[in-house]
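Right, one structure below, let's go through it.
2 protein chains.
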Amino acid sequence: MADKAVGPSAGGEALLFLTDEQLRKGSEAMFFAYRGFTADPDRILDAKGYGRAHHRAIHFIHRSPATTVNNLLAILGVTKQSLNRVLRTLIEDGLVESRVGRADKRERHLHLTAKGAELERALSDAQRARMRSAYRAAGAEAVAGFRQVLEAMMDSEQRAQYQGLRESGK
Amino acid sequence: MADKAVGPSAGGEALLFLTDEQLRKGSEAMFFAYRGFTADPDRILDAKGYGRAHHRAIHFIHRSPATTVNNLLAILGVTKQSLNRVLRTLIEDGLVESRVGRADKRERHLHLTAKGAELERALSDAQRARMRSAYRAAGAEAVAGFRQVLEAMMDSEQRAQYQGLRESGK
DNA sequence: ATTTTATGTCAGCCTTGTTGACTTTCCAAG
DNA sequence: CTTGGAAAGTCAACAAGGCTGACATAAAAT
Chain Z
1 MADKAVGPSA
11 GGEALLFLTD
21 EQLRKGSEAM
31 FFAYRGFTAD
41 PDRILDAKGY
51 GRAHHRAIHF
61 IHRSPATTVN
71 NLLAILGVTK
81 QSLNRVLRTL
91 IEDGLVESRV
101 GRADKRERHL
111 HLTAKGAELE
121 RALSDAQRAR
131 MRSAYRAAGA
141 EAVAGFRQVL
151 EAMMDSEQRA
161 QYQGLRESGK
Chain G
1 MADKAVGPSA
11 GGEALLFLTD
21 EQLRKGSEAM
31 FFAYRGFTAD
41 PDRILDAKGY
51 GRAHHRAIHF
61 IHRSPATTVN
71 NLLAILGVTK
81 QSLNRVLRTL
91 IEDGLVESRV
101 GRADKRERHL
111 HLTAKGAELE
121 RALSDAQRAR
131 MRSAYRAAGA
141 EAVAGFRQVL
151 EAMMDSEQRA
161 QYQGLRESGK
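Read top to bottom, the protein sequences are chains Z and G.
123 is the number that our numbering gives to position 123 of the first sequence; each next residue is one higher, with no gaps.
50 is the number that our numbering gives to position 50 of the second sequence; each next residue is one higher, with no gaps.
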């Protein structure tokens, strides 16, 4: 593949020949790759009776321990009712712990339990294995480009959460 | 399981330091970027009362006119019941035409009508606009890397459909 | 003539989105 | 201090779009 995506002079940014066909290929690459990307965790989740929504919650609680429900809502971009359902089952099953805030008792701070951390490990190990192998197959330069394009494809809000995440509103 | 995945020696690509943290970043990049990637078409679809499932069907019918229902099932990876529900509404609404096969009358060959092609245009224009802008922001080299990593991330079956698609079983 | 294949349909279930209504808690203005 | 609104979270109910299973039909293959 690779086709000509660049003009002959290769002056960096400029001279990007972007035919509709090439852009369509890019779209399909995203579609198929995202399927692959989620396939391994999906199998693990399915076996335990969870879905992708549970994975997302677990992932971001792991990333930002003690995060509040509201923070999580902002990251995930779903309604609180939708998140709550997922969170409830995770709490009932003893994977997530919800602690009432000290300063503000309206808030709940979320933490993974040992059992939750264990599942998180299994999921991220599986996902990382695929990503690691894709990175290795493609090489270091390709990885840098991959990240650049993905970042440019995000909405600005999402990009902020992807990059910084700390102290946004607090 | 952590840190250095590739030693500084290695051949060719080499120098890929893959920490868990970097791989986690890659996962989140996929997550956020995919959201951005689907955001624009989603708005258009929503306004017309369709969903992402309709978009996928329209996209692949456009890409491979006269494709059969079975082909589409293989590409989309859903059950026929699920696809049929979507296809039925598209046919009822006059966006897709289903023609009985000449050679094999059991088959239905799918085509976009003028109206269907129009919606396809609107959807892919929106999606391509974002992709074009991401490509331009990232540069030609980054785009090549982006495609390489995505391709490496696919399952082999999906990769085959992404690349070749023509004469697989026929 | 029989079996297999391609397609479509009905019924019902599950996950994960949605909106609406409600409670509890907190804070700030009177 | 009280009170009214904002913020956080919960419950209920609905919709989209996955899924399985059972069946029907027509056409092709054996």
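C-beta atoms are modelled at their ideal positions from N, C-alpha and C, and glycine is treated no differently.
Everything numeric in this text was worked out from a predicted model, so none of it was measured.
- Approximately 15 Å separates the beta-carbon atoms of G116(Z) and R108(Z); this is outside 8 Å, ruling out the contact.
- Rounded to the nearest whole angstrom, the C-alpha separation of H54(Z) and S98(G) is 39 Å.
- Rounded to the nearest whole angstrom, the CA to CA distance from A122(G) to M154(Z) is 20 Å.
- DSSP lists L110(G) as the bridge partner or partners of T67(G).
- For Y162(G), the CB contacts under 8 Å within the same chain, skipping 5 residues up- and downstream, are E151, M154 in chain order.
- Cβ-Cβ distances below 8 Å link G36(Z) to R130 in the same chain, with the five nearest sequence neighbours on each side left out; the list follows chain order.
- Linking N84(G) to G164(G) through their CA atoms gives a straight-line distance of about 25 Å.
- Below 8 Å, too few C-beta pairs join the stretch 65–84 of chain Z and the stretch 27–45 of chain Z to call them touching: fewer than three.
- Shortest Cα-Cα distance from T19(G) to any of E141(Z), Y135(Z), A142(Z), F146(Z) involves Y135(Z).
- With 16 or more other Cβ atoms from the protein chains shown falling within 10 Å of its own Cβ, G26(G) counts as buried.
- Residue state for R121(G) is assigned as helix, using DSSP reduced to three classes.
- L16(Z) sits in a strand when the DSSP states are folded into three classes.
- Of all alpha-carbon atoms in R52(G), D125(G), N71(G), A74(G), the one lying nearest the alpha-carbon of L90(G) is that of R52(G).
- Residue nearest to V69(Z) within the set K48(Z), A29(Z), H111(Z) is H111(Z) (criterion: CA-CA distance).
- Taking C-beta atoms as the reference points, V86(G) and A57(G) count as a pair closer than 7 Å.
- Not a single C-beta of chain Z is nearer than 7 Å to the C-beta of G51(G).
- A check of alpha carbon separations from E120(G) across F17(G), A29(G), G139(G), S64(G) identifies S64(G) as the nearest.
- At a cut-off of 7 Å between beta-carbon atoms, R132(G) makes contact with chain Z.
- Only residues of its own chain outside the window of five on either side were considered, and among them none has a CB closer than 6 Å to the CB of F146(G).
- Listed in chain order, the non-local C-beta contacts of R106(G) below 7 Å within the same chain number zero, local neighbours out to five positions each way being set aside.
- For V100(G), there is no enclosing alpha helix (DSSP H); the enclosing beta strand (DSSP E) has its first and last residue at 96–100.
- Just so you know, the alpha carbons of E28(G) and A103(G) end up roughly 48 Å apart.
- In the structure shown, Y50(G) falls within a coil segment according to DSSP collapsed to helix, strand and coil.
- Using a 10 angstroms sphere on the CB of F60(G), the tally of other CB atoms reaches 16 or more, which defines it as buried.
- Remark: C-beta atoms of L16(G) and A140(Z) approach each other more closely than 7 Å.
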